[in-house]
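Worksheet: one structure, shown below.
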Amino acid sequence: MSEQMIKPYGDTFDDGQVQLSFTLPVEIGARATKAAIKYTESLNFKDVAVVHSSKLADNFTCFVVYAKGIPSLNYKNIEATEVESTQMDYYEINSLIKTKLNRQMVVVGATIGSDAHTVGIDAIMNMKGYNGDYGLERYPEIQAFNLGSQVTAEKLLAKSLEVKADAILVSQTVTQKDSHIRNFTEFVELLEAENIRDKFLLVAGGPRINNDLAIELGYNAGFGAGTTPNQVAAFIICKLLNI
Amino acid sequence: MTHLTLDQKSIIKIRKSAKNIASVVDDFVQIHSTTSIERAVLRLYGVDGVDLSGVPLPNKLVDILQTKGKLESGASYHFAASMLESKRDAKTTAELIDQGKISFGESSSFSVEQILKQEQVLTNFAINTLDNTRKRKLDKQKQFPLPEAPWKYLIVATGNIYEDRVQADAAVRSGADVIAVIRSTAQSLLDYVPYGATKEGFGGTFATQENFKIMRQALDKSMQTHGRYVSLVNYSSGLCMAEIAASAAIEDLDMLLNDSMYGILFRDINMQRTFIDQYFSRLICARANIIINTGEDNYLTTADAIEGAHTVTASQLINEAMGKVAMLTDEQMGLGHAFEIDPQVENGFLLELAHASLAKALFPNSPLKYMPPTKHKSTDVFYSHVLDAMFNLASITTKQGIHLAGILTEAIHTPFMQDRAKALNNINYIFNTAKNLGDEIEFKKGGLIEQRAGQVLKEVVAFLSDIENVGLMKAISQGKFANIKREIKAGKGLDGVFKKGPNYSNPIIEAIKNNRSCS
Ligand code: B12
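So the sequence lines, in the order shown, correspond to chains A and B.
Be aware that the first sequence starts at 0, since it is given in numbering that gives the first Met the number 0, and climbs by one per residue.
Be aware that the second sequence starts at 0, since it is given in numbering that gives the first Met the number 0, and climbs by one per residue.
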């Protein structure tokens, strides 16, 4: 395989220019600046320039630093996934469900655990939708149940079984102390323990979620910031119909 | 000065509607009390501490009354009787009650006169506590003057009160005038106030009396170093509004988040509970000179800031009317609103100016609490920093009271120390460079800004008269605020609500209401 070596770009190829900002728990002064330079060098940078330092508090100094990254990276070795689905709009999706699935598609969604953020899951599910794109409740061919926030894994599963959901949407916004990872995992493990993981498509979402993370956690797909409802609906129907 | 010409008849009308709405709620409030209010009374009488398993004594005592079916007469009278029996201070008396060594809620061997006299001693103690905090704060403000408004309000939220101290001092150094310690996730749903110093919270630090004390001491030190008064804020919301107000008063806090409807709408706390609790908590704030901060900004995190603008104003008016019933002065009402219009909207900044000026015009003597953009903050921190700059400009131009710092990393994480410093640099620059802009410019007669303010006012007239007709409780159950429906008998904390019996006594309420001096 051929190589495609890359480095950060400032104003010239391979100059490696990077902008950093951080705080060290030391008093401002020449010694602190020196420490910032040395520390940045230890991160594998050269030509380190501390262009700004300011005192935040006694024994805390904040720096803005420009430096050149030393390593190069072979871009050919980098792999990442994005959710694979065809780009479809509201009308195309409805007609696909109607003609190919021959019944309504059932979707249940919730924000689980102690997370109280609903705006994200609402953006995908509520009538109004997001960024001019209608939400799943608006689709005549979709039966959508939005359970809101702070829903337990057990309750989400019970509702999904009750309405025979095709897909379950799980939202997580708070990521402090990796609470999102814990909550996502708890839900998958619950399905696995009951031996019903294959009954549903599992879709994770939230501002700090990407497809790779979701797959790693045992979900079928993950959607991040800026997702529109049609992307989610298209993914689910394509997956159900195996197209 | 940036002055809006508004229809005066509409203003009279909305104030009247709000007053009527509040008075109907007050009729209900006056004949009820809650477990949380009775616990607050005990705290103001000097009860504090926890039992061996960590349950707060105020809870244990009120539980005893509830179990005995004696709650309807309130905690005050029974506790006075126990004090006579124990002949010890309030805290020790509570411990003795808890250990079953003296009786509580039983018929007493002391005469009614003796008990009433003891109750008066306790009430004087409570009122003196509230008057003393007021006085201590004013004394400090003579030495360290209150800064000019808008006051710069910064949040710390490490989950460790000792770490919070460091962060707070750093913020004060960069220019913060007000420090809020954000609470641990979901504290609002606890039906007790946790005890002691917090070293590990979730998304924040528990509101406890000990944490209040630790932070107050730290800020007093910052005050000396930086030569200006620094206010301390916490949250009197959720299931323990009144108790937290009591603890906050004891520890010299300056402001409390305290809204008459927030808990109902956003925390699913029962509306009866919230209305009753907010009344007593506000009486405490009024006497202790604690500025309340109301939560209208939250409406705009779920509703659109243009479509929902009138609900913000309507809620401010209701909060104000209920505040007045609870003796709060204009100067103690930090009514809330927010800069949350979608930045994609053409002339959005002009609409923000219209909304902010309308609030200022309606509540000229109140320290309005102005929230920065949050919902439309981008993970592009450079862009978000510019959004905050526009917010800062709107705030200084329209002379807001309490200015919550917008943080460039809002869409990413709870702020780092350096994020706060950058936010404050932004504010300091704009507040200084545009200091008197608002005194110099006028809004064009009939222009976009004036028209928008007039439009919102018109919507408020219709909205409030609608609520006045159905009543506030019913209006909330119909989803009139923030599109959230809450039933009158649903939600958390209803089990703590009770109707005052014929012998109910809470002399603290009477003393504050009648402005009685107790020294
Ligand atoms: C609004 C808001 C609130 C509101 C929530 C109201 C509500 N009903 O949702 C309130 C005020 C209640 C709130 C409370 C708290 N919040 Co908050 N909040 C925000 C804020 C300002 C906006 C979030 C938002 O609505 N974004 C708009 C939506 C549309 O975007 P989105 O969620 O990313 O959703 C999109 C995608 O991610 C995706 N998506 C989302 N979910 C799903 C699910 C599926 C299945 C799919 C397919 C897609 C998908 O689609 C959506 C549309 O594109 C953010 C800051 C910010 N600007 O991001 C902080 C923020 C999220 N909150 C934060 C915190 C810490 C809290 C609190 C814990 C604070 C506290 N200590 O009390 C509490 C939470 C209490 C709790 N138990 O959870 C932090 C989270 C930090 C972190 N990374 O962990 C943030 C980042 C603020 C900060 N800088 O501190 N918050």
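For each residue, glycine too, the CB sits at the ideal point set by N, CA and C.
Source: prediction; values computed, not measured.
Hey, residue i and residue j: beta-carbon distance below 9 Å or not?
i: residue 149 of chain A; j: residue 112 of chain A; result: yes
i: residue 212 of chain A; j: residue 165 of chain A; result: no
i: residue 368 of chain B; j: residue 296 of chain B; result: yes
i: residue 60 of chain A; j: residue 23 of chain A; result: yes
i: residue 235 of chain B; j: residue 218 of chain B; result: no
i: residue 383 of chain B; j: residue 347 of chain B; result: no
i: residue 469 of chain B; j: residue 309 of chain B; result: no
i: residue 29 of chain A; j: residue 62 of chain A; result: no
i: residue 151 of chain A; j: residue 110 of chain A; result: no
i: residue 357 of chain B; j: residue 51 of chain B; result: no
i: residue 234 of chain A; j: residue 203 of chain A; result: no
i: residue 353 of chain B; j: residue 451 of chain B; result: yes
i: residue 163 of chain A; j: residue 105 of chain A; result: yes
i: residue 9 of chain A; j: residue 69 of chain A; result: no
i: residue 477 of chain B; j: residue 488 of chain B; result: no
i: residue 511 of chain B; j: residue 326 of chain B; result: yes
i: residue 211 of chain B; j: residue 231 of chain B; result: yes
i: residue 93 of chain B; j: residue 120 of chain B; result: no
i: residue 89 of chain A; j: residue 3 of chain A; result: no
i: residue 146 of chain B; j: residue 176 of chain B; result: yes
i: residue 222 of chain B; j: residue 139 of chain B; result: yes
i: residue 35 of chain B; j: residue 260 of chain B; result: no
i: residue 266 of chain A; j: residue 124 of chain A; result: The displayed coordinates of chain A run from 0 to 242. Any statement about residue 266 of chain A would go beyond what the structure contains.
Given this structure, state the Cα-to-Cα distance separating residue i from residue j, to the nearest angstrom.
i: residue 20 of chain B; j: residue 466 of chain B; result: 7 Å
i: residue 263 of chain B; j: residue 88 of chain B; result: 37 Å
i: residue 340 of chain B; j: residue 190 of chain B; result: 36 Å
i: residue 237 of chain B; j: residue 207 of chain B; result: 14 Å
i: residue 464 of chain B; j: residue 13 of chain B; result: 8 Å
i: residue 180 of chain B; j: residue 435 of chain B; result: 31 Å
i: residue 266 of chain B; j: residue 103 of chain A; result: 34 Å
i: residue 480 of chain B; j: residue 458 of chain B; result: 14 Å
i: residue 25 of chain B; j: residue 388 of chain B; result: 41 Å
i: residue 359 of chain B; j: residue 412 of chain B; result: 32 Å
i: residue 116 of chain A; j: residue 301 of chain B; result: 10 Å
i: residue 199 of chain A; j: residue 156 of chain A; result: 10 Å
i: residue 91 of chain B; j: residue 117 of chain B; result: 16 Å
i: residue 159 of chain B; j: residue 427 of chain B; result: 28 Å
i: residue 83 of chain A; j: residue 298 of chain B; result: 36 Å
i: residue 361 of chain B; j: residue 10 of chain B; result: 8 Å
i: residue 342 of chain B; j: residue 306 of chain B; result: 15 Å
i: residue 271 of chain B; j: residue 142 of chain B; result: 43 Å
i: residue 241 of chain A; j: residue 5 of chain A; result: 37 Å
i: residue 377 of chain B; j: residue 385 of chain B; result: 11 Å
i: residue 363 of chain B; j: residue 236 of chain A; result: 56 Å
Could you work out which residue in the options is closest to residue i when comparing CA atoms only?
i: residue 134 of chain A; options: A:120, A:32, A:79; result: A:120
i: residue 322 of chain B; options: B:3, B:17, B:5, B:4; result: B:17
i: residue 109 of chain B; options: B:131, B:153, B:83, B:121; result: B:83
i: residue 153 of chain B; options: B:144, B:161, B:166, B:514; result: B:166
i: residue 229 of chain A; options: A:169, A:172, A:29, A:137; result: A:137
i: residue 506 of chain B; options: B:183, B:290, B:72, B:160; result: B:72
i: residue 214 of chain A; options: A:161, A:79, A:147, A:143; result: A:79
i: residue 200 of chain B; options: B:241, B:155, B:226; result: B:155
i: residue 58 of chain A; options: A:168, A:181, A:41, A:32; result: A:32
i: residue 453 of chain B; options: B:106, B:36, B:350, B:67; result: B:350
i: residue 41 of chain B; options: B:245, B:515, B:376, B:313; result: B:245
i: residue 30 of chain B; options: B:64, B:514, B:497, B:258; result: B:497
i: residue 420 of chain B; options: B:280, B:5, B:35, B:407; result: B:407
Below 8 Å on the Cβ atoms is my contact criterion, and I expect residue i with residue j to pass it. Report the Cβ-Cβ distance as a whole number of Å.
i: residue 101 of chain B; j: residue 81 of chain B; result: 6 Å
i: residue 396 of chain B; j: residue 445 of chain B; result: Residue 396 of chain B to residue 445 of chain B, Cβ: 20 Å. No contact.
i: residue 174 of chain B; j: residue 423 of chain B; result: 5 Å
i: residue 224 of chain A; j: residue 206 of chain A; result: 5 Å
i: residue 47 of chain B; j: residue 56 of chain B; result: 7 Å
i: residue 209 of chain A; j: residue 220 of chain A; result: In fact, because the Cβ distance is near 10 Å, the residues do not count as touching under 8 Å.
i: residue 136 of chain B; j: residue 288 of chain B; result: 6 Å
i: residue 495 of chain B; j: residue 268 of chain B; result: Their Cβ separation, rounded to whole angstroms, is 10 Å, which puts residue 495 of chain B and residue 268 of chain B out of contact at 8 Å.
i: residue 48 of chain A; j: residue 17 of chain A; result: That belief does not hold up - the Cβ atoms of residue 48 of chain A and residue 17 of chain A are roughly 11 Å apart, past 8 Å.
If contact means a Cβ-Cβ distance below 9 Å, which residues of the segment 165 to 178 of chain A contact chain E?
Here the protein chains are A and B, and chain E is not one of them.
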